[in-house]
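**Student:** Taken in sequence, the protein lines are chains S and F.
Going letter by letter, the first sequence gives residues 25 to 469 in my numbering.
Going letter by letter, the second sequence gives residues 25 to 469 in my numbering.
Don't be surprised by glycine CBs; every beta carbon is placed ideally from N, CA and C.
Here you go, one structure.
Number of protein chains: 2
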Amino acid sequence: MMPVCKPGAPCACFKYMRTEQKQRLLIIGGGFGGLSVARYVDKSKWEVVLVDRNNYHSFPPLFYQVASSGLEPSTISFPLRREIRGRHYRGVSFHFGDVRTIDVAAKKVVTDYETLHYDTLVLAAGSTNNFFGIPDLEKYVFTLKSTTEAIRCRNEVLACLERAALCRDDALRRRLLTFVVVGGGPTGVEIAGALGELKRYVLKREYPSIDPGEMRVVLVEGSSRLLGNMSAKSGEDAFKALGSLLVEVQLGKVMKGYADKVLSFADGSTIAADSVIWTAGITGVAIPLEGTDVRPARGGRWAVDASNAVEGVPDVYAIGDISLQTADGYPSGLPQVAPVAMQQARCLARNLSRYADEPMEPFRYCDKGSMATIGRNRAVVDMRGFHLSGRIAWFAWMFVHLMSLLGMRNRTVVFINWIWGYFTFSSGLRLLMRSDRYPLRSYWK
Amino acid sequence: MMPVCKPGAPCACFKYMRTEQKQRLLIIGGGFGGLSVARYVDKSKWEVVLVDRNNYHSFPPLFYQVASSGLEPSTISFPLRREIRGRHYRGVSFHFGDVRTIDVAAKKVVTDYETLHYDTLVLAAGSTNNFFGIPDLEKYVFTLKSTTEAIRCRNEVLACLERAALCRDDALRRRLLTFVVVGGGPTGVEIAGALGELKRYVLKREYPSIDPGEMRVVLVEGSSRLLGNMSAKSGEDAFKALGSLLVEVQLGKVMKGYADKVLSFADGSTIAADSVIWTAGITGVAIPLEGTDVRPARGGRWAVDASNAVEGVPDVYAIGDISLQTADGYPSGLPQVAPVAMQQARCLARNLSRYADEPMEPFRYCDKGSMATIGRNRAVVDMRGFHLSGRIAWFAWMFVHLMSLLGMRNRTVVFINWIWGYFTFSSGLRLLMRSDRYPLRSYWK
């Protein structure tokens, strides 16, 4: 009779030699990548410790819906402690903390609360905004790379509308009602579409003192097309869909700076806007590795080999947005998207769980396609060479995103919100949750 | 044939003489009181302007559930602009703004964004925390009088748990795990019960490195019983229910101060606690009335006559928590609860809509009872002399609160959250939504 591994019980299948003390696998980041490694790695071999600066897993593809008041932040966030209670994570422990230094010589990670030893380290901290060194940009633009950034964007957009509703100065009102989205990738297209819907469907009903014609939503993209990572057909469909939502799309326009609430472009043109939403660049959150000469490669990412080991550093792996892995067809590295992180995580988990004498399995990316949505009933999907758009693509987009959310409660509530929004053309979530302690932008008085 | 008043069309029923220009009724505060006045007042007679510092109506009875991660803030908040789109509010306009000064001589209200003229003014700004002049209390305790305060309380409680989970210093860990609730009224009892449930049901499963026995929830009340405004039986039932949730209830204990994370009491005893939740006092948000000698009465409330007119100030009314109205059986004023505000609002709306020669109708308070809940399956209800407790009272509590929420979407989502929480003994909402811009308490490092 075959011995059976029971969760929580000592491993009886002799897949590998048990040591008295399990080795510690430290995972930095509880996103798509980090959580998948924790889930699929063999917990009878590893003592798994997951470190994250937030106590929740979040869902970046829907941050734009938080920013546009379509979803509440809590429905696209899931407490990590709750998740690791599940049977797939038995033996994983969660440590709250923001990693400050990583010492690969001493095999130690220092967070703001403690020092953790590791035997093997997985870097899965993801990416953040890249402002390409444009001065002061970080201070004045709104971004969508975390839940709190999305909430801030929501509050500031609502504050502009409220202020415009009271404003009798024409120039100021126009500036308050000009929303510029920089970057024509999926996030840029999606948030511009959501703002377009606000202009087309909501403004007249909820802000009767604002003339919807005065609100401008401008999407600026440096290259000659939208959705550069998707098919040309998708870019064209997105362009048309945004046009129907009254979004002005300006292609081939390279942003130079943003000062005194005026955006300037390389071609000499300018746009006066109180709100600029920056989706044009990301960079890996590369914490320096002390005790080695290895430095992050291009885009704040760690160059990794085919098995996701950071090149030149023993026992350190990197997956997801923070890793830079080249592959056939991807000479400049795999894209920084969730499916790559999840697939790398599963491959790495298998490699970390293998017999000691088995060779490492090289990672192979399986591109299942990509999608973006532009308002109600409109989306574009590219899948293995074939292209979908319109309502079918929109349903596909909704289904995929709903299924990718963690937690049944979240799925239910997101589904209700979407159905509600679909039939009422409205949202009960336009809440400007300002507080005395946490004021809006200082100049918003 | 009787002429019929159509909403939005000029009034045809000649209930009063139409003037060319409608008089402006300015309502400060979109809570239970202010919103009810806007709803029930005759909009063909009045141009109604509603001013609020938030763009949403909120539901104070459930703030404690936000603080204890039971509900998301958005489900107990409802955008005012969305609400006044409804047919009952046709003709009401919303102005976002925090009122700075009220000049009753010039009949002007100045907000942080504009100056508004009024013909008749309704003060319905509600109440805030009263710290009774205890030094620095405001800085260090957590409060539950607004959505943002509740979110802050949630974040700080979760931060204490996360930090305790990593802490190896016994004294510090005990201090981090001591939660003191000051005030044995409904809010105090409810938040203490929710923290007791956290200790009893959640800690062991989600924070395996914390010994639940180390967590202390203490409810301190200065008088000799809980729920002073309810029946003695309710106070006793609440006391027992809290005991079963492992909450230490200390009666007759008057707080003197809170410094260096140590609470001191009049009897000389002390409790070291990182988290103190203050529910022991409220005061009206009385903005001074310029151009008159009238000053707020006791508790920051405006003394009003039987028709809710502020005594000594023409054309100014006050309702709800901010008003001080004595009545038979209430020599020190009506209680500061939602039913009083709503009943006063309806009476005032009728008085403002009356024929010019009709007399003002005096307000009569109809006490429909009061209720409080203490964790799952337990509540106390006092209703016209009879008392309910246990599961039936709990269902009654849930039904009344669900029905009082604004918006069907909110009701649905709250209902789902409650059902989910009931069967899973857990919550998907333990989210510490910290942001770099908005740090936790400075000493929390």
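Considering only residues of the same chain and omitting the five flanking positions on each side of Glu314 of chain S, which have a CB-CB separation below 8 Å?
**Tutor:** Translated into positions along the first sequence, residue 314 of chain S becomes position 290. Non-local C-beta neighbours of Glu314 of chain S in its own chain, meaning closer than 8 Å and more than five positions away in sequence, comprise Thr125, Ile126, Asp127, Val128, Ala129, ordered along the chain.
**Student:** What are the residues in the segment 223-250 of chain F lying within 8 Å of chain C by C-beta distance?
**Tutor:** In the displayed structure, chain C is absent; the protein chains listed are S and F.
**Student:** Since Gly53 of chain F meets chain S, which of its residues come closer than 7 Å, beta carbon to beta carbon?
**Tutor:** The sequence position of residue 53 of chain F within the second sequence is 29, counting from 1. By Cβ distance, chain S contributes nothing, its closest Cβ being about 16 Å from Gly53 of chain F, past 7 Å.
**Student:** Among residues of its own chain, excluding the 5 on either side of Phe156 of chain S, which ones have a beta-carbon nearer than 7 Å to its beta-carbon?
**Tutor:** Residue 156 of chain S sits at position 132 when you count from the first residue of the first sequence. For Phe156 of chain S, where only same-chain residues beyond five positions count, the Cβ hits under 7 Å are Gly305.
**Student:** Put Gln274 of chain S into one of helix, strand or coil per three-state DSSP.
**Tutor:** Residue numbering aside, residue 274 of chain S sits at position 250 when the first sequence is read from its first letter. Residue state, collapsed to three classes: strand.
**Student:** Which of the three DSSP states is assigned to Asn179 of chain S in this structure?
**Tutor:** Here residue 179 of chain S corresponds to residue number 155 of the first sequence, with the count starting at 1. Helix, per DSSP.
**Student:** From what residue to what residue does the beta strand (DSSP E) around Gly344 of chain F run?
**Tutor:** Numbered from 1 along the second sequence, position 320 holds the residue referred to as residue 344 of chain F. No beta strand (DSSP E) holds Gly344 of chain F; DSSP gives it neither H nor E.
**Student:** What does the alpha-carbon distance come out to for the pair Ala297 of chain S and Val318 of chain S?
**Tutor:** For the purposes of this step, residue 297 of chain S is identified with residue 273 of the first sequence, where counting begins at 1. For the purposes of this step, residue 318 of chain S is identified with residue 294 of the first sequence, where counting begins at 1. Approximately 42 Å between the Cα atoms of the pair.
**Student:** Given a threshold of 16 other Cβ atoms within 10 Å of its Cβ, counted over all protein chains shown, does Ser98 of chain S qualify as buried or as exposed?
**Tutor:** Taking the first residue of the first sequence as position 1, residue 98 of chain S is located at position 74. Buried is the call here.
**Student:** With 7 Å as the threshold, decide whether the Cβ of Pro103 of chain S is near any Cβ in chain F.
**Tutor:** Walking along the first sequence from the start, residue 103 of chain S turns up at place 79. Yes, Pro103 of chain S counts as interfacial toward chain F.
**Student:** Where does Thr125 of chain S fall in DSSP's three states?
**Tutor:** Locating residue 125 of chain S in the first sequence gives position 101, where the first residue counts as 1. Looking at Thr125 of chain S - three-state DSSP - the assignment turns out to be strand.
**Student:** On a CA-only basis, which of F:Ala91, F:Val146, F:Ser233, F:Gln89 is nearest Val61 of chain F? Give me that one, please.
**Tutor:** Position 37 of the second sequence holds residue 61 of chain F. Answer by Cα proximity: F:Val146.
**Student:** So, using beta-carbon positions, are Val300 of chain S and Val404 of chain S closer together than 7 Å?
**Tutor:** Counting from 1 along the first sequence, the entry for residue 300 of chain S is found at position 276. Counting from 1 along the first sequence, the entry for residue 404 of chain S is found at position 380. For Val300 of chain S and Val404 of chain S, no; Cβs fall outside 7 Å.
**Student:** Answer with buried or exposed for Gly53 of chain S, where buried requires no fewer than 16 other C-beta atoms within 10 angstroms of its C-beta.
**Tutor:** Here residue 53 of chain S refers to the residue found at position 29 of the first sequence. Buried.
**Student:** Select from F:Ala174, F:Ser331, F:Asp345 the residue whose C-alpha is nearest the C-alpha of Asp339 of chain F.
**Tutor:** Here residue 339 of chain F refers to the residue found at position 315 of the second sequence. Cα-wise, what sits closest to Asp339 of chain F is F:Ser331.
**Student:** Does the CB of Tyr137 of chain F have a neighbour CB from chain S at under 7 Å?
**Tutor:** Translated into positions along the second sequence, residue 137 of chain F becomes position 113. At least one chain S Cβ lies under 7 Å of Tyr137 of chain F.
**Student:** For Asn79 of chain S, which residues in the same chain have their Cβ closer than 8 Å to its Cβ, ignoring the five residues on either side in sequence?
**Tutor:** Along the first sequence, read from residue 1 onward, the residue named residue 79 of chain S stands at position 55. Closer than 8 Å at Cβ, skipping near neighbours: Pro103, Leu104, Arg105, Phe118, Phe120.
**Student:** Helix, strand or coil: how does DSSP classify Thr448 of chain S here?
**Tutor:** Taking the first residue of the first sequence as 1, we reach residue 448 of chain S at position 424. Thr448 of chain S: helix per DSSP, three-state reduction.
**Student:** Between Ser101 of chain F and Leu455 of chain S, is the Cβ-Cβ spacing less than 7 Å?
**Tutor:** Mapped onto the second sequence, residue 101 of chain F falls at position 77. Mapped onto the first sequence, residue 455 of chain S falls at position 431. For Ser101 of chain F and Leu455 of chain S, yes; Cβs fall inside 7 Å.
**Student:** Pull the bridge partners of Trp302 of chain F from the DSSP assignment, please.
**Tutor:** One-based indexing of the second sequence puts residue 302 of chain F at position 278. In DSSP, Trp302 of chain F forms a bridge with F:Thr167, F:Val206.
**Student:** Judging by CA-CA distance, which residue of S:Tyr64, S:Gly58, S:Leu50 is the nearest neighbour of Ser377 of chain S?
**Tutor:** Indexing the first sequence from 1 puts residue 377 of chain S at position 353. Per the Cα distances, S:Tyr64.
**Student:** Taking the CB atoms as reference points, tell me whether Tyr472 of chain F and Leu74 of chain S lie closer together than 7 Å.
**Tutor:** The first residue shown for chain F is 25 and the last is 469, placing residue 472 of chain F beyond what the model contains.
**Student:** Could you name the residues that DSSP lists as bridge partners for Pro103 of chain F?
**Tutor:** Within the second sequence, residue 103 of chain F is the residue found at index 79, counting from 1. Answer by DSSP bridge pairing, in chain order: F:Tyr80.
**Student:** Within 7 Å of any Cβ in chain S, is that where the Cβ of Cys29 of chain F sits?
**Tutor:** On the second sequence, residue 29 of chain F is found 5 positions in, with the first residue counted as 1. Here Cys29 of chain F scores only 35 on pLDDT, less than 50, and its place in the model should not be relied on; the value that follows carries that caveat. It does not; no Cβ of chain S falls within 7 Å.
**Student:** By DSSP's criteria, Gly281 of chain S is part of a beta bridge. Which residues make up the other side?
**Tutor:** Working through the first sequence from its first residue, we reach residue 281 of chain S at position 257. For Gly281 of chain S, which the question treats as bridged, DSSP gives the partners S:Ser288.
**Student:** Starting from Val437 of chain S, find everything on chain F with Cβ-Cβ shorter than 7 Å and list it in chain order.
**Tutor:** Your numbering for residue 437 of chain S matches position 413 in the first sequence. Neighbours of Val437 of chain S on chain F, chain order: Val437, Ile440.
**Student:** Any C-beta of chain S within less than 8 Å: which residues of the segment 120-146 of chain F qualify?
**Tutor:** Phe120, Gly121, Asp136, Tyr137, Glu138
**Student:** Could you compute how far the alpha carbon of Tyr164 of chain F sits from the alpha carbon of Tyr282 of chain F?
**Tutor:** Translated into positions along the second sequence, residue 164 of chain F becomes position 140. Translated into positions along the second sequence, residue 282 of chain F becomes position 258. Rounded to the nearest angstrom, the two C-alpha atoms are 8 Å apart.
**Student:** Can you find a C-beta in chain F that's less than 7 Å from the C-beta of Trp444 of chain S?
**Tutor:** Numbered from 1 along the first sequence, position 420 holds the residue referred to as residue 444 of chain S. Yes, because at least one Cβ of chain F sits closer than 7 Å to the Cβ of Trp444 of chain S.
**Student:** Pairs of beta-carbons, one from the segment 379-399 of chain S and one from the segment 408-421 of chain S, closer than 8 Å: are there three or more?
**Tutor:** yes
**Student:** Quick check on Gln349 of chain F: buried or exposed, where buried means 16 or more other Cβ atoms within 10 Å of its Cβ?
**Tutor:** As a working note, residue 349 of chain F is residue 325 in the second sequence. Classification for Gln349 of chain F: buried.
**Student:** Closer than 7 Å, Cβ to any Cβ of chain S: which residues of the segment 150-176 of chain F, in chain order?
**Tutor:** Taking 7 Å as the Cβ-Cβ cut-off against chain S, the residues of the segment 150-176 of chain F that qualify are Thr171, Thr172.
**Student:** Nearest by alpha-carbon distance to Arg311 of chain S: which of S:Asp66, S:Ala420, S:Pro85, S:Asp122 is it?
**Tutor:** Reading the first sequence from its first residue, position 287 is the one you call residue 311 of chain S. Correcting the residue type first, residue 311 of chain S is Ile in the shown sequence and not Arg. Here the closest residue by C-alpha is S:Asp122.
**Student:** Would you report the Cα separation of Glu180 of chain S and Glu173 of chain S, rounded to the nearest angstrom?
**Tutor:** Here residue 180 of chain S is taken as the residue at index 156 of the first sequence, counted from 1. Here residue 173 of chain S is taken as the residue at index 149 of the first sequence, counted from 1. When rounded, the distance between both Cα atoms is 11 Å.
**Student:** I'd like the span of the beta strand (DSSP E) that includes Ile52 of chain F, first residue to last.
**Tutor:** Counting from 1 along the second sequence, the entry for residue 52 of chain F is found at position 28. Run containing Ile52 of chain F: 47-52, per the beta strand (DSSP E) assignment.
**Student:** With a threshold of 8 Å on Cβ separation, who are the neighbours of Phe270 of chain F within its own chain once the five nearest residues in sequence on each side are excluded?
**Tutor:** For the purposes of this step, residue 270 of chain F is taken as residue 246 along the second sequence, with counting starting at 1. Sequence inspection shows Leu at residue 270 of chain F; the Phe mentioned does not correspond to that position. Excluding sequence neighbours, Leu270 of chain F sits near Gly220, Lys223, Arg224, Val241.
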